[in-house]
Amino acid sequence: MSEDFDLNSFIGIESELKQETTLKTPKMYSVVLHNDDYTTMDFVVRILVSVFHKPGAEATTIMLDVHKKGIGICGVYTYDIALTKISQVYQLAAQNEFPLKCSLEET
1194 MSEDFDLNSF IGIESELKQE TTLKTPKMYS VVLHNDDYTT MDFVVRILVS VFHKPGAEAT
1254 TIMLDVHKKG IGICGVYTYD IALTKISQVY QLAAQNEFPL KCSLEET
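Right, here's the structure in full:
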């Protein structure tokens, strides 16, 4: 009773499954901080360092872009990661009572 069982030959079907898989690169999104009149520059730098893992000098440069140009790009991420970063920014801003705005733009 220990015969090898082949389902394909049992039901009379011989088929080869060939599956081509092509991987598409995911769409990327820029996470952008927006300037306001209440959020401190120090807090923006702390957000950039803690949430976006930017070194201090780069965080300061981005913060100055936010201050002078009205917006600053924090990084480019896939959609899910970008939404997570934005959620973290809003959570920290709310905890510290700042109206910091953050958005994402498709690149």
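For the record, in the sequence shown the residue sitting at position 65 is 1258 according to this note's numbering, with numbers rising by one throughout. Just so you know, even glycine gets a beta-carbon here, dropped at the ideal spot from N, CA and C. Fair warning: this is a prediction, and the values are worked out from it, not measured in the lab.
Who does residue i pair with in a DSSP beta bridge?
{"i": "histidine 1227", "result": "Ile1264 and Lys1294"}
{"i": "valine 1269", "result": "Ser1223"}
{"i": "glutamate 1299", "result": "Tyr1222"}
Could you give the DSSP three-state label for residue i: helix, strand or coil?
{"i": "threonine 1233", "result": "coil"}
{"i": "leucine 1216", "result": "coil"}
How would you label residue i, buried or exposed, when you count the other beta carbons within 10 angstroms and need 16 or more for buried?
{"i": "threonine 1138", "result": "With the chain running from 1194 to 1300 in the structure shown, residue 1138 is simply not present."}
{"i": "threonine 1214", "result": "exposed"}
{"i": "tyrosine 1231", "result": "exposed"}
{"i": "alanine 1287", "result": "exposed"}
{"i": "alanine 1252", "result": "buried"}
{"i": "methionine 1344", "result": "Residue 1344 cannot be examined here, being either before or after the span of the chain that is shown, 1194 to 1300."}
- Query: Using 8 Å as the Cβ pair cut-off and three pairs as the minimum, do the stretch 1211–1218 and the stretch 1262–1273 touch?
  - Reply: Counting Cβ pairs under 8 Å, fewer than three are found: no touch.
- Enumerate, from N- to C-terminal direction, the unbroken beta strand (DSSP E) stretches of 3 or more residues contained entirely within the stretch 1235–1261. none
- Query: Is the stretch 1221–1230 touching the stretch 1274–1281 in the sense that three or more CB pairs, one from each, lie closer than 8 Å?
  - Reply: yes
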